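Chains as they are written, first to last, in my numbering: chain A, 13 to 201; chain B, 13 to 201; chain C, 13 to 201; chain D, 13 to 201.
One structure is given below, encoded as structure tokens.
Protein chains: 4
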Amino acid sequence: MQEKRRKILDATLKLISQFGFHGTPMSLIAEQAGVGAGTIYRYFENKEALIMKLFLKLKAEISQEMLNGFDSTRPPEQVFRQVWLNTFHYCIQHPAEMMFLEQYHNSPFLTPASESAVQDMLAPLVKYAEKSTASGQVKEMPFEMLTIFVYDTTIALAKRHISGFLKVDEFALDLAVQASWDAVKGPAA
Amino acid sequence: MQEKRRKILDATLKLISQFGFHGTPMSLIAEQAGVGAGTIYRYFENKEALIMKLFLKLKAEISQEMLNGFDSTRPPEQVFRQVWLNTFHYCIQHPAEMMFLEQYHNSPFLTPASESAVQDMLAPLVKYAEKSTASGQVKEMPFEMLTIFVYDTTIALAKRHISGFLKVDEFALDLAVQASWDAVKGPAA
Amino acid sequence: MQEKRRKILDATLKLISQFGFHGTPMSLIAEQAGVGAGTIYRYFENKEALIMKLFLKLKAEISQEMLNGFDSTRPPEQVFRQVWLNTFHYCIQHPAEMMFLEQYHNSPFLTPASESAVQDMLAPLVKYAEKSTASGQVKEMPFEMLTIFVYDTTIALAKRHISGFLKVDEFALDLAVQASWDAVKGPAA
Amino acid sequence: MQEKRRKILDATLKLISQFGFHGTPMSLIAEQAGVGAGTIYRYFENKEALIMKLFLKLKAEISQEMLNGFDSTRPPEQVFRQVWLNTFHYCIQHPAEMMFLEQYHNSPFLTPASESAVQDMLAPLVKYAEKSTASGQVKEMPFEMLTIFVYDTTIALAKRHISGFLKVDEFALDLAVQASWDAVKGPAA
DNA sequence: TATGAATGAGCGTTCATTCAT
DNA sequence: GATGAATGAACGCTCATTCAT
Numbered sequence: 013m014q015e016k017r018r019k020i021l022d023a024t025l026k027l028i029s030q031f032g033f034h035g036t037p038m039s040l041i042a043e044q045a046g047v048g049a050g051t052i053y054r055y056f057e058n059k060e061a062l063i064m065k066l067f068l069k070l071k072a073e074i075s076q077e078m079l080n081g082f083d084s085t086r087p088p089e090q091v092f093r094q095v096w097l098n099t100f101h102y103c104i105q106h107p108a109e110m111m112f113l114e115q116y117h118n119s120p121f122l123t124p125a126s127e128s129a130v131q132d133m134l135a136p137l138v139k140y141a142e143k144s145t146a147s148g149q150v151k152e153m154p155f156e157m158l159t160i161f162v163y164d165t166t167i168a169l170a171k172r173h174i175s176g177f178l179k180v181d182e183f184a185l186d187l188a189v190q191a192s193w194d195a196v197k198g199p200a201a
Numbered sequence: 013m014q015e016k017r018r019k020i021l022d023a024t025l026k027l028i029s030q031f032g033f034h035g036t037p038m039s040l041i042a043e044q045a046g047v048g049a050g051t052i053y054r055y056f057e058n059k060e061a062l063i064m065k066l067f068l069k070l071k072a073e074i075s076q077e078m079l080n081g082f083d084s085t086r087p088p089e090q091v092f093r094q095v096w097l098n099t100f101h102y103c104i105q106h107p108a109e110m111m112f113l114e115q116y117h118n119s120p121f122l123t124p125a126s127e128s129a130v131q132d133m134l135a136p137l138v139k140y141a142e143k144s145t146a147s148g149q150v151k152e153m154p155f156e157m158l159t160i161f162v163y164d165t166t167i168a169l170a171k172r173h174i175s176g177f178l179k180v181d182e183f184a185l186d187l188a189v190q191a192s193w194d195a196v197k198g199p200a201a
Numbered sequence: 013m014q015e016k017r018r019k020i021l022d023a024t025l026k027l028i029s030q031f032g033f034h035g036t037p038m039s040l041i042a043e044q045a046g047v048g049a050g051t052i053y054r055y056f057e058n059k060e061a062l063i064m065k066l067f068l069k070l071k072a073e074i075s076q077e078m079l080n081g082f083d084s085t086r087p088p089e090q091v092f093r094q095v096w097l098n099t100f101h102y103c104i105q106h107p108a109e110m111m112f113l114e115q116y117h118n119s120p121f122l123t124p125a126s127e128s129a130v131q132d133m134l135a136p137l138v139k140y141a142e143k144s145t146a147s148g149q150v151k152e153m154p155f156e157m158l159t160i161f162v163y164d165t166t167i168a169l170a171k172r173h174i175s176g177f178l179k180v181d182e183f184a185l186d187l188a189v190q191a192s193w194d195a196v197k198g199p200a201a
Numbered sequence: 013m014q015e016k017r018r019k020i021l022d023a024t025l026k027l028i029s030q031f032g033f034h035g036t037p038m039s040l041i042a043e044q045a046g047v048g049a050g051t052i053y054r055y056f057e058n059k060e061a062l063i064m065k066l067f068l069k070l071k072a073e074i075s076q077e078m079l080n081g082f083d084s085t086r087p088p089e090q091v092f093r094q095v096w097l098n099t100f101h102y103c104i105q106h107p108a109e110m111m112f113l114e115q116y117h118n119s120p121f122l123t124p125a126s127e128s129a130v131q132d133m134l135a136p137l138v139k140y141a142e143k144s145t146a147s148g149q150v151k152e153m154p155f156e157m158l159t160i161f162v163y164d165t166t167i168a169l170a171k172r173h174i175s176g177f178l179k180v181d182e183f184a185l186d187l188a189v190q191a192s193w194d195a196v197k198g199p200a201a
């Protein structure tokens with residue numbers, strides 16, 4: 013029954029986002045998931061594998077969300093804003109997911125394998141970016157650099173919002189998107 | 013003798029940046045530092061305090077480096093570029109320090125206390141930013157948002173460079189700085 | 013399975029009565045009990061709790077033993093002798109238990125909580141003592157003082173016997189009981 | 013300078029009576045005594061030796077006090093009462109000393125050596141007891157048994173007084189001495 | 001003689017993982 | 001499949017003792 017698997021992943025997310033990888037014993041995950049401690053090992057090889065699987069799941073989820081409503085026929089600025097806002101809204105509506113992802117990204121758990129496994133989820137975006145770059149509407153820069161302004165800045169803003177360091181209202185949000193777009197927009201835009 | 017204290021901090025940085033907080037036992041730190049296990053506790057209350065002290069030290073160091081050559085009489089774009097490049101060069105020349113800082117920033121170790129302890133190190137920059145904002149040379153945005161484009165984007169680029177995902181040569185670097193500046197530059201610039 | 017719990021308590025008693033609280037590491041208790049080191053913590057919160065639980069168990073045991081054959085219809089002298097001898101025989105037949113109890117009684121482990129938890133086990137004796145006091149067959153003294161002559165003197169004798177300082181044969185025993193009774197017997201006895 | 017030696021013993025007594033043998037690190041003793049940690053080892057071989065030396069010192073002290081005003085020409089009852097009261101008053105005026113002695117007596121530190129080293133301090137009393145026994149004024153019992161009623165009962169009373177379990181006023185004190193005397197007094201008394 | 005920084009063996013405790021049921 | 005009691009390696013930390021100064 014994959015119902016149990018889901019409950020385990022949910023419990024892991026909830027606990028790790030709050031207490032960190034090492035503040036979250038397997039026994040606590042089991043308890044929170046409502047399963048026996050041994051049961052976890054029927055679904056995941058070990059703790060590290062469980063965490064990596066959760067990472068991949070969430071990475072896929074956020075990538076999916078980023079692409080929500082993506083339409084390659086619309087102009088770059090609109091696409092950019094949409095992706096940007098998709099990402100931002102996902103983050104502030106899923107703070108636990110974001111915290112987990114960030115924690116994982118900056119931990120020694122991260123392997124090239126887990127990193128690259130998600131790359132091609134954003135394939136449509138890569139293709140679209142190349143086209144926009146070619147047309148001069150987006151600065152000519154590698155996709156990996158582009159993601160800084162459509163992913164990292166967004167995450168950075170969401171973090172400041174969630175931690176309370178920066179109150180992000182409609183106005184501030186607009187400002188941030190505009191700034192990010194100004195960063196990447198090309199001479200022809 | 014503060015020589016030992018320094019060796020302990022050095023060992024902690026080296027090991028934690030490589031193996032993470034919890035992959036680095038105190039005994040290993042002691043060994044790497046060339047001191048007895050108990051000696052660490054003469055200089056630091058416990059593991060958590062050791063890590064926080066290291067964080068504060070590195071945070072002060074990177075803040076210092078960011079402000080290197082800072083001259084408030086020069087125009088905003090030049091100041092921006094300098095700070096940006098200062099930060100970037102610190103990161104790629106001190107990857108261990110950067111990894112540690114990022115790991116700490118995204119961990120449950122982070123407390124409001126350790127966060128705020130560093131805030132005023134960048135005080136000159138805050139003041140300068142306000143002036144630049146007022147003159148219209150920088151977009152009117154809170155300092156906390158500004159830092160996204162002069163700190164987070166820089167770190168993001170450095171990470172991609174270090175992990176090998178993005179080869180950052182002179183040209184790419186220029187591109188990234190320009191993009192970041194485009195993000196924050198105001199109507200009067 | 014409470015079998016393991018019992019084995020742990022047995023091992024603790026044996027080792028602590030011999031080596032003292034701090035001469036008895038948890039690892040040794042585990043080994044002696046034939047369980048894993050971590051297993052102890054499934055049954056007892058920590059070392060201190062383990063020791064307190066053992067204390068309470070033994071205190072209940074000795075109190076039970078003291079009251080063995082207690083019959084409030086018999087005359088005070090007979091009751092006194094019986095209780096006294098019950099106590100003495102328990103001590104010399106359970107030297108480990110006695111050593112442990114005495115060690116605990118004179119240690120900083122002792123808390124008012126653990127002290128008072130046993131008070132009412134001797135309730136029948138308290139009541140009987142009051143009656144005997146009222147009838148003049150026992151000196152009019154607080155129960156707490158009475159216990160000196162029916163508990164402390166007994167323990168003192170048992171200790172001297174066990175340590176070999178005083179050979180306590182039938183004759184010596186009679187002498188000691190008689191002396192103790194002489195201490196508390198009232199004008200009407 | 014034996015001044016330091018005395019300070020170390022004083023500190024040891026104060027701390028151990030309060031926190032117990034194992035709640036009292038050597039470093040704390042050094043601090044309380046106002047000497048360096050290493051200095052203790054110039055006066056005492058190690059912690060165990062320090063504690064034993066303190067025990068012997070206090071044992072001598074209390075023995076001295078017990079014999080205070082001892083006059084072998086006076087009748088047994090008076091001598092008994094005096095020794096009893098000497099002991100009691102020493103205890104309630106020196107609770108730290110008493111607590112330490114009791115803790116030591118019931119610990120695995122106690123060796124036959126440390127026990128017997130004090131025996132002959134009470135030699136005059138032994139002799140006097142033999143005489144009193146022979147004359148029938150004291151029950152014919154070994155000196156070791158006699159001490160139960162002139163030492164252990166006293167300590168037991170003092171403990172109850174200090175811990176607050178039994179309020180010992182003049183009247184109660186008289187009662188206790190009388191009871192103890194009744195225990196040992198012989199047919200000719 | 002006195003010091004106190006340094007040591008490292010040894011402690012109490014945790015928790016990822018196993019396996020008999 | 002599912003369980004959770006049991007495990008023991010490994011951890012953070014303490015403190016009696018040493019020794020260079």
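Ideal placement from N, C-alpha and C gives every residue a C-beta, glycine not left out.
Since the model is a prediction, treat every value here as computed from it, not as a measurement.
Residue i vs residue j beta-carbon contact at 8 Å
{"i": "D/Ala72", "j": "D/Met111", "result": "no"}
{"i": "A/Gly32", "j": "B/Pro120", "result": "yes"}
{"i": "B/Ser126", "j": "B/Phe67", "result": "yes"}
{"i": "B/Gln105", "j": "A/Asn118", "result": "no"}
{"i": "C/Glu89", "j": "C/Trp193", "result": "yes"}
{"i": "A/Val215", "j": "A/Trp96", "result": "Nothing can be reported for residue 215 of chain A, as the shown portion of chain A is limited to 13 through 201."}
{"i": "C/Gly198", "j": "C/Val130", "result": "no"}
{"i": "B/Asp164", "j": "A/Asp164", "result": "yes"}
{"i": "C/Thr145", "j": "C/Glu152", "result": "yes"}
8 Å CB neighbourhood of residue i in its chain, flanking five on each side removed
{"i": "A/Ile52", "result": "Ile20, Met38, Ile41, Ala42, Ala45, Leu62"}
{"i": "D/Ile184", "result": "It should be noted that the sequence gives Ala, not Ile, for residue 184 of chain D. So the qualifying residues of the chain are Leu178."}
{"i": "C/Ala200", "result": "Ser147, Gly148, Gln149"}
Endpoints, alpha helix (DSSP H) assigned at residue i
{"i": "B/Tyr163", "result": "Unbroken run through B/Tyr163: none, as it is neither H nor E."}
{"i": "A/Glu77", "result": "59-78"}
{"i": "A/Ala49", "result": "Here A/Ala49 belongs to no alpha helix (DSSP H), and DSSP marks it neither H nor E."}
{"i": "B/Thr145", "result": "135-146"}
{"i": "B/Asp22", "result": "14-31"}
{"i": "A/Pro124", "result": "124-128"}
{"i": "C/Leu113", "result": "107-117"}
{"i": "C/Phe121", "result": "Here C/Phe121 belongs to no alpha helix (DSSP H), and DSSP marks it neither H nor E."}
{"i": "B/Ala188", "result": "182-196"}
Close-in-space but distant-in-sequence residues of the same chain around residue i (CB under 6 Å, 5 per side omitted)
{"i": "B/Arg172", "result": "Leu178"}
{"i": "A/Thr159", "result": "none"}
{"i": "B/Val91", "result": "none"}
Given residue i as reference, the closest of the options once Cα atoms are compared
{"i": "A/Ile174", "options": "A/Cys103, A/Asp83, A/Phe92, A/Thr24", "result": "A/Cys103"}
{"i": "C/Thr85", "options": "C/Thr123, C/Gly198, C/Lys143", "result": "C/Lys143"}
{"i": "C/Arg54", "options": "C/Val91, C/Gly35, C/Arg18", "result": "C/Arg18"}
{"i": "D/Gly48", "options": "D/Gly35, D/Lys16, D/Met64", "result": "D/Lys16"}
{"i": "C/Met64", "options": "C/Thr24, C/Asp83, C/Phe82, C/Val91", "result": "C/Thr24"}
{"i": "D/Glu109", "options": "D/Arg93, D/Ile167, D/Ser128", "result": "D/Ile167"}
7 Å Cβ shell around residue i - same chain, five flanking residues per side excluded
{"i": "C/Lys59", "result": "Met38"}
{"i": "B/Leu169", "result": "Phe100, Val180, Ala188"}
{"i": "C/Asn80", "result": "Asn98"}
Any 3 or more C-beta pairs closer than 8 Å across the region 72-91 of chain A and the region 14-33 of chain A:
no
Assess contact between the region 137-144 of chain C and the region 175-192 of chain C, defined as three or more Cβ pairs (one per stretch) separated by less than 8 Å. Is contact present?
no
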